[in-house]
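Numbering (UniProt numbering), first residue to last: 1 to 68.
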Amino acid sequence: MNLKDSNGTPLQDGDSVMVIKDLKVKGGTDLKRGKTFKSIRVTDSEESIEVKDGRGTLVLKAIFLKKV
């Protein structure tokens with residue numbers, strides 16, 4: 001699988017990413033630009049990843065993320 005962030009940099013399990021755009025989250029608080037997530041997990045989808053946020057898990061599209 002060849003998952004890439006908004007700049008075209010390949011993403012792998014365990015990478016850290018930063019949100020590049022304010023995002024609305026269903027049933028939770030919105031994510032502001034600049035929020036960083038550590039230890040991402042690549043999913044089976046070619047365009048999304050999973051991140052831990054507190055006690056929950058979020059699925060985010062890679063086009064809204066930048067590798068840190």
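For each residue, glycine too, the CB sits at the ideal point set by N, CA and C.
Taking the Cα of Glu46 as reference, the smallest distance to any Cα among Val59, Lys52, Arg55 is reached at Val59.
DSSP, read as helix, strand or coil, puts Ile63 in helix. Residue environment analysis places Val17 among the buried positions, since at least 16 neighbouring C-beta atoms fall within 10 angstroms of its C-beta.
Secondary structure note for Asp15: it is in no beta strand (DSSP E), with a DSSP letter that is neither H nor E.
The shortest C-alpha to C-alpha distance from Thr57 to any of Lys35, Ile40, Asp13 is the one to Ile40.
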